[in-house]
Structures are given as structure tokens and as C-alpha cells.
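One structure below.
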């Protein structure tokens, strides 16, 4: 090689090396921090109950930790969901992060050793004494990453559950009685249909349809059934009476017009907005809609738990997790502890959220009071049945596809259950 | 004293170097890593375990993949074949009719209108189309009702028998502007004498289009077909925004299938195998297309 070309070649080599290194990324890390910076990520909207409460927690943290800088980054749910493993495996991991709960999410990270075992901190700070056993199921993961037992890898400080939202004006105007039993519920659906009103707001392209489907199965299930399906403590048989009842009933409700065939491509937002617009008298969905309905519904409305069962889709809320590579873990523990304090929990409750450790007398809004009381009732009676897409990775999409087939009538209930069984069996981790 | 200047042969490689390095870093290396992951079982974290060709064997027997691939061929029709055919007619009409009778300005405005969907981000276009095609409150169904065709109303994106055609129609709308613009610029370079001579011979517009315009535009047609076919095989954004592969897999395409397998099911090895096969198919098509194009240019 001539002397003239050597510098160019060396530059090129250095550039190649730098680019290759950049492309390879970095891993490891785990260096100790200076204790002066708390790096925090969460994905709650700033005006949501959680967003408001976490902002208060940050302000409180700054007050109690003078000289410590909080580096907060607002993330998107999808953003964290899709990139968490890569980020947590690098030296860029935050000190504390909000993360989705369940086997396929927090469980997977815990199994891979990317999260800090919080068990000693839980005991030290007494968080376990503030949370009901039902809520803590999603905090603990065993060596296989299955929730419900093992070490604490996350701390939830709010709850969520599904309920029947109903339009009191439409019920009254059409002379329909608010149901308290399964038979009355079906009768109410038939009464609305007879008046030319499709009773149930639904969305086949996203979670609402599968929550109707799962809730129908739960009306014929018990805790052992839920544990078999969600925690693999037994065989989940999708042709058992509960799943069969759910598939048959759902298909029947579509054929009778209780659920619109046109809901197959609708998204959750479409279903919620159609309820807000007073088009449908009933919408079955989660407590995360509560605050929005409170603000946007222009009619009188109420909620009740699905009649005829103590089990309802729901769980402890998202988890605060501390990555294994976090640099300032002590600051992270202090922050989590602040989110569990009464004042932050009360803020959460008064903004339409479901706190897990609030002072009941501090919740002043009657609607929020009822929301929290219902949650306490469900979680206190061991009624939180989690969500149907949790057990295995990718089951959400399988569920969407399967229930869409029931809505469009493109497959028989038995075939839909076959599809679910196959996907579930393929995804269950080998013990 | 003689001054020695470097010839093109000695300096060309230096100019190619940055591009080659960038290609290595952002294309070749990730592709190599993707191929490596496709030979493993991996959940995205932890250590991948060697699986050999197991993912590819699974792929061969995966009816969902082949179904998604069939949808891909439908997308080739919607994004390459139909826009090319319509684009040729539209470009020729704008060039021969609009520009001649109304001047070049209206022709340019119309060309820009056809091109507008190409400028719009696909997510924006997808969201707008999902509103238009919504079964309840969607403007297409409302329009059908208003003109007395209420019985023709459909659940355009929710009926498994119709959803794929709806997505295809949206993609025709998205793609049409590209061939129109390319063909119109191609028509600028066609010698007007050819058309004048044909006109003097008493040919109809259609005969001139078929025997003069089309053969002259052959290089542009190759470019458009190749470009649009590759875009069709890779289509992702529109499917993600409009249907997420649904209802019940009716609009699933390999790129979305790979994405869902990779990120939703966290089957990184299998998702990588799908992506690898898709890349090889696109690469093979590109090579064949480029060969055809070169051959056509050589024959001119």
C-alpha cells in the first residue's frame, strides 16, 4: 500500500470499526451511580390519574432528596413494551421504570435476570402489608417467569378491573330494568334489541371483544380454573364447559344482534366513543375508562359488576420495576416508597384511579369512592381473574383473531376454541 | 517536469468507500445478524439456543405464512400492476389531452393531486381511510346510503371476505401518483415527431398510445414495476394502521407476520426466519427485474 493511501485506509478502518461497534450496541454496564440522579421512565398520560399522582411523587421526591436530580422520560407503552429487554440489557437502563405485568412481560424479564429482586425492599419498606394478596400475584415471579409465586420483581400501586358501564338515560327511556342476575342481563339485551338498539358496545380489532368473551367464560369458572389457565396449575382445556359456554354464547349474542357484526374491525377507542355518544346503552370494559366517562359523558350513567360471578378481568396495575443494571437503586426504592404514601395514593383516587393504599376518608368524590369500593370488594374476595391474553406471548393477537371470527361468523365456536388451544399449548413454557 | 494526475480507476474506490462502509453497517451486518438469529431459538433476551434449520422447516409447513404470502401477491396486484396500468392511461391522458387543450398548468396541478397520497405519511392516510371505511358513521357507507345504494353498504375492513380488497383499493390510491409522475416525465423525452407521424398516418389516440407511447415508455415501466413490486412485498404500515392483519388474519402480510412473531410472540428466531425469506424473495425479484431492465435498455 502506498504511503499516500495509508491515512485514508486507516481512517476508513477506524470509521468501519466505529460504525460496527455502534451497530453492535453495548451491554453490561451496571456501574454504580453517584446517588445524585434518579433516572425514571413511565408511560402514563400526564392528565391521567396515574400521571397526576406520579408527578406529585416526583415533586415529593425532590423535596425529600435535595440535591438529587430527577431525569424523567415520558415513554409510550408500545415503546417500552417492544424495546425493554434491549434497553434493560444495556448501560442505559433507567433506575426505576413502569412496566406491564404478566408472564409474557415482567415475567420474561425476571426470568432472564434483567430485573432486581425486590423482596428484601418489600419487607423493609412494608409494601407487602399495603397490598392485598390478589393484587400481589402480578408482582411475584418464579424461576420460569410465571407469576403468582417466587420473588418480588415489581410493585404495583394502583389497581384495575372491568365493569359494566351503562347509560341510565337509555335504560330509563326504553323501560329496561338494570340487571342484577345473568337472566336479567340477557333479558335487558333482548329488550334493547326489540327496541331496535344494539345493546353492547364492542370492538373486535382490540381488547374489548376478548374481555366480553373471557368474562362469559368466568361466569362458569372458579379460582382453580383461573389458576390453571393463567398460572399453569393444571391443564387449560379450551373445550371445557366454561370456554365452550363463552364461545357459544358470544356467537349467539352476535346472531341475535346483541353485538354488532360491524364491530369486528372497531378499535377500543371506537367502542368507548360510541358509548360516550350515547349510541349503545352498555359497554363492558376496564376502570381506565372511568375518568374519561366522568368528564365526557353527557348523560346519566352508572356501573355494576357483571352479574352472576365473583370473578372479573382485572389485576394490580402496572409495576414499578428496578432494572438489574440500574445505577441508583436506593433512589429507586425511595421513589417507589413515595408512590405508596397516602398523599400520592389519595391524589390517584381523587383523579379517577384505583389506589391500593389510599385513606378512604380522603377520597371525596362519591363516584371515585364507589369505584374504589368495588375494586376492594373484587380484590378482597379474590375475584381478580387477570386478562385473557396474559398466559403466553402473542396470545393477545390470537385472541383478537379468534373472537373476530366469532363476530364475523367465519368460524364455528368449536374451531375458534381449537385455535386458542393450539396457540396456548405452543406458548406454555416447558416446566 | 510532468504532472501525474490520478486516473478515474484509482480514485473511484475512495468515493465508494463511505457508501460501502455505511452499507456494511446498516444493511449487511444487521442482515447477517438476522440470518444468525433465524438459526436460533430466542426470546429476545438471554442466550439464543442453536436450532439449525428448524425455523425454516417450521416455516415451510406454516399455513399462516403461506396465507400471508398469498396476500402479498394480492398487494403486488394492488401496488404494482393496477397503478402501472392506470398510471399509464392517466399520464398519457394528462400529457396528450389536458396539457394540449388546457395548457401545462392544469396538467401539473392534476399530476400533483395524483401524487399527493405519496407525500402523506402512511399512518395519516391509513387513519383517514379507516374513518372513511368505518361501517358505522363512515363516509363511504353514508355516501352509498345518500345515493340510494344503501344495500351496498359493507363492513369494509371488518368483513374477512372484503377487507383485503379494501386494503388493496387504498393501496391503489396511495401508489397511483408514483407511476403517473414517472410516466409523465418519460413522455417528455419521447420525440414528438413519432406521435406527429402516427397522427398524419391517421391513427387513433388508442393506436398511438399502444404502438408509440407504450414501447417508448418501456424503461420507465420496468422501473415502476420493479420499485412498486418491492414496495408491495414489504408493505407494512398500511396493514398495521388499517387492519393489523385482521379480521382473523384476512389481511396478514409477511412483514406484519414477521413483526408480530418477533415482538408480540417474542419468537425472535422464527420472526427472523420469516424476515430472511422475505428479504431473499425481494432480492431475487430485484435481480430479475434489474436484468430485464438492462436487457430492455440494451435492445433500444
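Chains as they are written, first to last, in the numbering used here: chain A, 51 to 481; chain B, 11 to 310. Idealized CB from N, CA, C, for every residue including glycine.
Cβ neighbours of residue i in the same chain (closer than 7 Å, five flanking residues each side left out)
i                      : result
residue 457 of chain A : 254, 259, 304, 309, 311, 313, 314
residue 139 of chain B : 180, 252
residue 134 of chain A : 149, 159
residue 163 of chain B : 151, 154, 155
residue 32 of chain B  : none
residue 69 of chain B  : 75, 283, 284, 287
residue 177 of chain B : 248, 249, 252, 253, 261
residue 21 of chain B  : none
Residue-chain proximity (residue i, chain B), Cβ-Cβ < 9 Å
i                      : result
residue 205 of chain A : no
residue 318 of chain A : no
residue 424 of chain A : no
residue 130 of chain A : no
residue 262 of chain A : no
residue 126 of chain A : no
residue 411 of chain A : no
residue 457 of chain A : yes
residue 420 of chain A : no
residue 280 of chain A : no
residue 138 of chain A : yes
residue 348 of chain A : no
One or two residues paired with residue i in a DSSP bridge
i                      : result
residue 51 of chain B  : B/59
residue 251 of chain A : A/333
residue 295 of chain A : Residue 295 of chain A is not bridged to any residue.
residue 89 of chain A  : A/121
residue 202 of chain A : A/190
residue 183 of chain B : Beta-bridge pairing links residue 183 of chain B to no other residue.
residue 210 of chain A : A/365
residue 142 of chain B : Residue 142 of chain B pairs with nothing; no bridge assigned.
residue 148 of chain A : A/370
Interface flag, residue i vs chain A, CB-CB below 9 Å
i                      : result
residue 79 of chain B  : no
residue 276 of chain B : yes
residue 253 of chain B : yes
residue 257 of chain B : yes
residue 271 of chain B : yes
residue 169 of chain B : yes
residue 55 of chain B  : yes
residue 293 of chain B : no
residue 320 of chain B : Since the first residue of chain B shown is 11 and the last is 310, residue 320 of chain B is not available in this structure.
residue 209 of chain B : no
residue 304 of chain B : no
residue 202 of chain B : no
residue 135 of chain B : no
residue 144 of chain B : yes
residue 248 of chain B : no
residue 173 of chain B : yes
Residue nearest to residue i in terms of C-alpha spacing, selected from the options
i                      : options                    : result
residue 90 of chain B  : B/234, B/191, B/65         : B/234
residue 36 of chain A  : A/265, A/316, A/298, A/284 : Examination of residue 36 of chain A is not possible in this model, given that chain A is present from 51 through 481 alone.
residue 376 of chain A : A/165, A/161, A/261        : A/165
residue 263 of chain B : B/84, B/286, B/57, B/148   : B/84
residue 296 of chain A : A/338, A/352, A/271        : A/271
residue 63 of chain B  : B/287, B/299, B/170        : B/287
residue 201 of chain B : B/193, B/146, B/191, B/223 : B/223
residue 156 of chain A : B/55, B/40, B/47, B/169    : B/55
residue 60 of chain B  : B/291, B/279, B/292, B/308 : B/279
residue 142 of chain A : A/336, A/213, A/123        : A/123
Same chain, Cβ closer than 6 Å to residue i, neighbours up to 5 away in sequence not counted
i                      : result
residue 132 of chain B : 247, 248
residue 426 of chain A : none
residue 151 of chain A : 188, 369
residue 58 of chain B  : 50, 52
residue 298 of chain A : 463
residue 249 of chain A : 239, 242, 308, 331, 332
Integer Cβ distance of residue i from residue j, believed to fall under 8 Å
i                      : j                      : result
residue 373 of chain A : residue 144 of chain A : 7 Å
residue 211 of chain A : residue 203 of chain A : In fact, because the Cβ distance is near 22 Å, the residues do not count as touching under 8 Å.
residue 390 of chain A : residue 180 of chain A : 6 Å
residue 189 of chain B : residue 94 of chain B  : 5 Å
residue 172 of chain A : residue 178 of chain A : 5 Å
residue 191 of chain B : residue 121 of chain B : 6 Å
residue 436 of chain A : residue 280 of chain A : 5 Å
Own chain, CB closer than 8 Å to residue i, minus 5 neighbours either side, in chain order
i                      : result
residue 293 of chain A : 267, 287, 467, 470
residue 1 of chain A   : Nothing about residue 1 of chain A can be reported from this structure: the residues present for chain A run from 51 to 481 only.
residue 306 of chain B : 228, 229, 232
residue 412 of chain A : 392, 396, 399, 400
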